[in-house]
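Data first, discussion second: the structure below is written as structure tokens.
2 protein chains.
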Amino acid sequence: MLQVRDGALQALLWQRGREPCRGAWALPGGLLEQGETLEESIRRHLAAKVDVREVSHLEQLGTYSEPDRDPTAWELATAYLGLVQLGLDPHIPDDTCWHPVDQLPPTAFDHGGIVLAGRDRLRGKLSYSNAGFALAPSTFTLAELREVYVAALGYEVSATNLRRVLERRAVIEPTGERRPSGRAGGRPAEVFRFREQRLAITDPFAALRPRR
Amino acid sequence: MLQVRDGALQALLWQRGREPCRGAWALPGGLLEQGETLEESIRRHLAAKVDVREVSHLEQLGTYSEPDRDPTAWELATAYLGLVQLGLDPHIPDDTCWHPVDQLPPTAFDHGGIVLAGRDRLRGKLSYSNAGFALAPSTFTLAELREVYVAALGYEVSATNLRRVLERRAVIEPTGERRPSGRAGGRPAEVFRFREQRLAITDPFAALRPRR
DNA sequence: GTAGGTTTTCGACTATGAGTCGTAAACTTC
DNA sequence: GAAGTTTACGACTCATAGTCGAAAACCTAC
């Protein structure tokens, strides 16, 4: 579960109370039940930590099968990447906490690597899909959207470019509204929204494809 | 397992001899054993059908968990995408056969969808990675490489462009050799090779990233 | 040996998309 | 109203990709 908070991309982890890996931080999850889909299982276990309705996107990341990933038992794990929009602040239990993905605490099992894999997957998708919809609030100004992209990608992006690129690809559209900027005044910003609220690849690569 | 054969992208399938799905075409695979990695398991089962040393690339595709994907039992399956270079012709058993991915026969379970997912994954990676190394012969002329890309992508690509793009990204390099073209004569073609024989992302997106 | 046919290579031109920058627009506060 | 702040937008430049045509380098046949 990833979300942009305080200008940084953060992951939701909980601190294990018992062995193995007591005290280490782990991803939410648990065992699969009979006749259950992996996605159903993830949503069920996730529900113990957050309100699942606040998860705007969920996709399978990969299945980890190293025999020694759990020192006490032979267990496979299928990891999912979940995204929460900026601004939502789901209620979470006491043993649970958001951690910046670039400063992870000691993690249980291979969960640290999984978080980084999720981060990288997200970074890729931000460039060739409308994945931003799952991180940004439902409506936003360009300055706000820019902050989301900066936090998630880890490098500067220009608002001018961001607007041109996303508007040309028909990923975002203006709502027609305006929103006064912060307390310092200034020209009110246009309000935008994502056209789609589910993942769509933005016709990725003109590369190598004939024009007509 | 995908390979370009006869100018088309083809998948290796075997025909089931017994229920369930008797007579339908299935992907090679089988059950995971204790203490085994998923990749080890795939290689072990694959070895029953082909010489695994001829598989130039293998990556995890996804895990399928629909409860009714196998009508007789509740089973999860983790699918892998394997690639074989053009020109190799692995020895395969009698019940096994290559099928063009765009004209699949009736398939067992959800294997048809898995093949299409593998095809789409490949098509994406051809555009933003050096994945071509796993489909092309170890050395090749531009005309040959073009045929590989056309077969895999499903649309025309220009040899001029292909060369410029892949050379600029430092994905391929000339070997210095030349190879006389087909029987009709003509200027001998330069021989190229991929720089890397393992998957590498080709610094994907200048998009949104500052130049300096 | 030369002429004609074939295939590949390469340069020139064009189109498009992206990065940068500066200025205008539209507000706030004093 | 003046000064300050923030956003929007146009103009310019650069990089990359698509297209086309001519030249290069070979073959075969006469």
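Those sequence lines, one after another, are chains A and B.
Quick note: the first sequence uses our numbering, first residue 48, plus one each step.
Quick note: the second sequence uses our numbering, first residue 48, plus one each step.
From the three backbone atoms N, C-alpha and C, an ideal C-beta is built for every residue, glycine too.
Note that the coordinates shown come from a computational prediction; the quantities given were computed from them, not determined experimentally.
Looking at residue j and residue i, is the spacing between their C-beta atoms short of 8 Å?
i, j, result
"Arg63/A", "Ala155/A", "yes"
"Leu93/B", "Pro118/B", "no"
"Pro184/B", "Gly134/B", "yes"
"Asp98/A", "His138/A", "yes"
"Thr188/B", "Ala236/B", "yes"
"Leu163/B", "Thr125/B", "no"
"Lys96/B", "Leu59/B", "yes"
"Glu243/A", "Asn177/A", "yes"
"Trp275/B", "Asp136/B", "The structure shown does not extend to residue 275/B, since chain B is modelled only from 48 through 259, so no value can be given for it."
"Gly179/A", "Leu173/A", "yes"
"Tyr127/A", "Glu113/A", "no"
Thinking residue i and residue j are a contact (beta carbons under 8 Å), I'd like their distance in whole angstroms, please.
i, j, result
"Tyr111/B", "Asp157/B", "6 Å"
"Gln57/B", "Val148/B", "7 Å"
"Ala71/B", "Pro153/B", "5 Å"
"Ile161/B", "Leu246/B", "Wrong, their Cβ atoms sit about 20 Å apart, outside the cutoff."
Exposed or buried, residue i, counting other C-beta atoms within 10 Å across all chains shown (16 or more means buried)?
i, result
"Gly82/A", "exposed"
"Arg193/B", "buried"
"Ala231/B", "exposed"
"Gln150/B", "exposed"
"Ala181/A", "buried"
"Ile248/A", "exposed"
"Ser103/B", "buried"
"Asp53/A", "exposed"
"Gly159/A", "buried"
"Arg116/A", "buried"
"Met48/A", "buried"
"Phe239/B", "buried"
"Gln50/A", "buried"
"Ile89/B", "buried"
Q) Does the region 215-232 of chain B come within contact of the region 196-205 of chain B, defined as at least 3 CB pairs closer than 8 Å? A) no
- Message: For a minimum of 4 consecutive residues, which ranges assigned as the alpha helix (DSSP H) are wholly contained in the region 162-209 of chain A?
- Response: 189-200
- Would you call the region 205-220 of chain B and the region 73-90 of chain B in contact, with 3 or more CB pairs under 8 Å? no
List, from N- to C-terminal side, the beta strand (DSSP E) runs of 3 residues or more that fit wholly inside the region 90-127 of chain A.
102-111
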